[in-house]
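Only one structure is covered here, and it is reproduced in the block below.
Protein chains in written order, with the numbering used here: chain L, 1 to 647; chain W, 1001 to 1647.
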């Protein structure tokens, strides 16, 4: 028996002569991509012959220990590949000892880099997988039904369980599809449990949608389940905002109105349908192409989005209707994607700390940090904070309010073209410079910026800069002494800072930042800071080794600005990272790697929830945290900046 | 440790002193009914103390080895029961040796007699079961969700699996229901797999609906899942009849019209909804009370009812879309019962031999007959015949046509008040006597019978009587010689026999039986006879030991009449039984005993399908079988009657 070695895994073993390389790989536990399952119609199983050549009969042409080229192979291999000794594994049979290299693109379980947000490497292993089969046509002697025939063939070829369920709506079309495909079909199987789609012939396309349903912002990612690539990113304001700005006001709306829950549930489902429609349209498809949806949200948004009575999460003892991960038929939820698709929701941890924080955890993986103290802050209308490492992880939630997402801010907007995303203020002249999303140059280099408003990262910047330049005091109050046309009284008589003059903007109005806006940011940052401090005390640590800032801002926030306004406790700025929407990344990871769902179930039970808002000194601490940092003791890492502010 | 013996099972064992009798029974494997699970609120666990009395301290009052009466017990036990030493098992604790009798009504898995049709004894063991639980209310220290709490309690108290699924629509209401019930709820679990209903407090009611969807007639049975009793029986014409009289014409309709399948599917679903509505209304409820539905049908009716493309069953190689039993959410099918209810369909055997014949088999159980040759004939628009015993079972189907269900018969109707169900004709005077459903007396004793038409059993009777009295010949042609006003020419010039004169009826018209009607019955009986003979030959038997006649006639057919017209091969009439709608009984049994579903899966694979219509001499034999019996050789058991006819 010849010996075959596969690289880069190094797996080796004896195989029967005449075995093709695809079967040889399977026998030796090497996972080679093969959409068609080895019937020479997909061309995915390209491998490269490294060793196994010899001169045959002294003739000057290189022969190999592989069977000769088949005509099928030349359809899928380029001239260059043929010259480089590439073969299709399903075509080439082992005739002698061989060393074969499996290139990255041909490996079954690929390492993939998640493209949006922070770069994250993960194993591509989605719940939804496609299998191509060619069946024996029915005969008078063979009484099997179409469904049995499909399942028998899947079992024989791919070792899928024989008792796969066939979604009822798929069963309805099965006889027609099987015959349209002349007994050659592509079967889409969910979680090795259920057949959710059967298509005639070989069909490779498989899309999934990951959605982060924030209290204020809904962010969605249309992913290719076969490559792990994010094809389209989109977001919208959560349409429930008209029923209440934060989780408590939404719960109140549900309690005060008989149809309140139904209305809010309907609004978010409609929102997701809108996103699914316009995202698939962008690549020339319809929402039918989406074969699975993953959702993350905080616990209240979860209950409302699923239509589960949310009122008991809002009051002691804050009990959720369900905490487990759910797999719900999209059609039962009213989500208009493929009719047999499932919607997977990540599990709840406790109280308001919901699937979104589980998403943050499986994306950031602080439980894999062996010793250092990590803090992960997910900034949203409801903020979640995690602290710890592999030894112990604590979490809490805090009512941040929607200010950092641009809501309840006079000129706030979400991160979209026209939003001011970065701001600097000259402490001498008090003049502003700023950058708008969609423009490369900063004002004042660019005069006409077409600014429309300010998004989260700009809001944090402007507050930090107002503080650094002395325009606002440590208490947050405007200092009316400065002699600058930008510091003026607004219509309501309270002070404001003009960030952009009307003629620079596309809205024909001065874009200003008001005393009220400063207050809203102070409430948000105080909530986050107090929550962070409680967690540090509960864990018994005085210092943080690193801080990760996550949030669906669209654009990254400036970590120095964030620390300067006191959003989180002191930390070496080199170890502070802004990672974008980590909860959304968690939704994507759960969509693309089914093992992340197991990890989510485990960590949701493992992380210890700390209720901080009920601490007796909460109000007192919260009030104190409203002020901007003035103690270099508490913030040694930004002491040099604070020293200048103090002068 | 005291010894406790339970009768009538005789199970015995040692139990800890102080154990209540309900727990003692569980420990010893004795199944005692207890809806509330032992919290003293249902009163179902009545048992009778047989031995275990003693005279305490010489005082003249009988003491027992059981703990004293609790006040709770007197709420549920009558004076008489208390005098007879009845106790509630959940209240009475074991203090010494005991002999306890568990009466039939208190046994968990009851033997029940199915009331409609033939009396059938079965074990009450439905897929849908109710469990009463009292939970620990949620606290700040106990972070479990409502769903987890319900499942944990079910697991602790009833050993149900921890990973029960909660139907999504049930999950939505869960927080409200749990609190409405003050943490005491009744949970309905389907198949030990899924929670399909949660109700506040103790709720015992559990209904199920069994439906036999025939090509012509739909028969439905509303059953009490807690007692096995049939509460309401109802039937209707299959509303698909307007799209075609038999299975082939329905398939043709589906093929010729783009919306043909959808229309027919919609029609039967609407029909089932109508039945569910009026049947539950009859007992003051709504269809919401129905917690599971079982369906039987032939393979074509199955495909159309489920909306699965039926055209490939209609042509060689007659392949079904699915043959397996299905569990489909009623809401996915459009069946308007409890929103989380499942619809269970029995499996297909082969070709047209569908779940209805599987229903017949699990009701009649010919596979339990050790040696004798049984033939079971299910008479419907599509007839199915089974032959054999525990050793071997064969089946076939035959295109009977709807005549025996009253369709395509001039005055045919389904078995309902006003239908002539029994007929006798005096061979001397050729005068008719008949009996109408809803009337006790026969015509002519009753002059005004209010007859409206003739149902299946009447149709078979009238043909047999016409033949016996010589009004029709062996060929089926009318003999115009007889001098009777009842034998006359119809409007079309062809002969007919007047069964009821206009003034007797409620329709103001003579009810007659025409030459065409006779032909329709001949076609039906010839199909059944030829199918039966082929099966006998395939099995290699010359004689039948018994014949069972089943069919959704509503009323039983006269076995002598049926044999006289040659519907089935000769058999001792003592061993011919008419059992009513056995397919419907099978649907009921599958509803009431989940083990019958396993039996159905097994027998559907086990029975051997014989395709008879493709035999080369089929047409020839069919033509020969059209005639009425004239050979006493072939029918020795009715030779004495045939001899008279022959004279």
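Glycine included, every Cβ here is placed at the ideal spot set by N, Cα and C. Keep in mind it's a predicted model, so treat the numbers as computed, not measured.
Shown in chain order are the members of the stretch 1125-1144 of chain W whose Cβ falls below 7 Å from a Cβ of chain L: 1138, 1139, 1140, 1143. Within chain W, the residues placing a beta-carbon under 8 Å from that of residue 322 of chain L are 1145, 1146, 1147, 1148, 1166, 1171, 1174, ordered along the chain. When Cβ-Cβ separations below 8 Å define contact, residue 1461 of chain W makes no contact with chain L. The stretch 1399-1419 of chain W makes contact with the stretch 1380-1387 of chain W: 3 or more CB pairs, one atom from each, lie closer than 8 Å. Nearest to residue 1221 of chain W by C-alpha distance, out of W:1582, W:1635, W:1098, W:1249, is W:1582. Residue 1479 of chain W is classed as exposed because its beta carbon has fewer than 16 other beta carbons within 10 Å across all chains shown. Within 9 Å of the CB of residue 1195 of chain W, no CB atom of chain L is found; the nearest one sits about 11 Å away.
One Cα belongs to residue 152 of chain L, the other to residue 1579 of chain W, and the distance between them is close to 39 Å. Taking 9 Å as the cut-off between beta carbons, the residues of the stretch 285-311 of chain L near chain W are 303, 306, 307, 308, 309, 310, 311, in sequence order. Taking each of L:601, L:416, L:319, L:585 in turn and checking the Cα distance to residue 121 of chain L, the smallest one comes out for L:585. Interface with chain L (8 Å Cβ-Cβ cutoff): residue 1350 of chain W is included. Neighbourhood of residue 1319 of chain W in chain L, by CB distance below 7 Å: 138, 145, 146, in chain order. The beta-carbon separation of residue 4 of chain L and residue 102 of chain L, rounded to 12 Å, does not stay under the 8 Å limit for a contact. Annotation for residue 243 of chain L: 249, 250, 253, 260, 263, 264, 267 place their beta carbon closer than 8 Å to its own, counting only its chain and skipping 5 residues before and after.
For residue 192 of chain L, the closest C-alpha among the options L:208, L:171, L:177, L:165 is that of L:165. Across the set W:1287, W:1309, W:1276, W:1210, the C-alpha of W:1309 shows the shortest separation from the C-alpha of residue 1256 of chain W.
When L:91, L:588, L:127 are compared, the shortest CA-CA separation from residue 363 of chain L is found for L:588. Neighbours of residue 328 of chain L in chain W, taken as residues whose beta carbon is under 8 Å from its own, are 1168 in chain order. Contact annotation for residue 622 of chain L against chain W: no contact, minimum CB-CB distance about 21 Å [criterion: below 7 Å]. Residue state for residue 412 of chain L is assigned as strand, using DSSP reduced to three classes. Within chain W, 1140 have C-beta atoms less than 8 Å from the C-beta of residue 316 of chain L, given in sequence order.
If only complete runs of 3 or more residues are kept, the stretch 156-226 of chain L shows the beta strand (DSSP E) at 184-190, 194-200, 207-213, 217-224, in order along the chain. When Cβ-Cβ separations below 8 Å define contact, residue 1618 of chain W makes no contact with chain L. With respect to the 8 Å criterion, residue 200 of chain L and residue 185 of chain L are classified as neighbours on the basis of their beta carbons. Look at residue 534 of chain L here: in three-state DSSP terms it is helix.
If you compare the alpha carbons of W:1286, W:1124, W:1465 with that of residue 1591 of chain W, the shortest gap goes to W:1124. At a beta-carbon threshold of 8 Å, the residues of chain L lying near residue 1609 of chain W are 143, ordered along the chain. Taking 7 Å as the cut-off between beta carbons, none of the residues of the stretch 566-578 of chain L comes near chain W.
Contact between residue 15 of chain L and residue 27 of chain L holds, since their C-beta atoms are separated by about 6 Å, short of 8 Å. Taking 8 Å as the cut-off, the Cβ atoms of residue 50 of chain L and residue 100 of chain L count as close. Beta-bridge annotation (DSSP): residue 514 of chain L is paired with L:496.
In the same chain as residue 137 of chain L, and ignoring 5 residues on each side of it, the C-beta atoms closer than 7 Å to its own belong to 183, in chain order. Look at residue 332 of chain L: its C-beta is under 8 Å from a C-beta on chain W.
Between residue 1300 of chain W and the set W:1560, W:1322, W:1548, W:1417, the nearest pair of CA atoms involves W:1322.
The residue from L:158, L:370, L:484, L:597 with its alpha-carbon nearest to that of residue 358 of chain L is L:597. About 37 Å separates the CB atoms of residue 420 of chain L and residue 539 of chain L; that is not less than 8 Å, and the two are not in contact.
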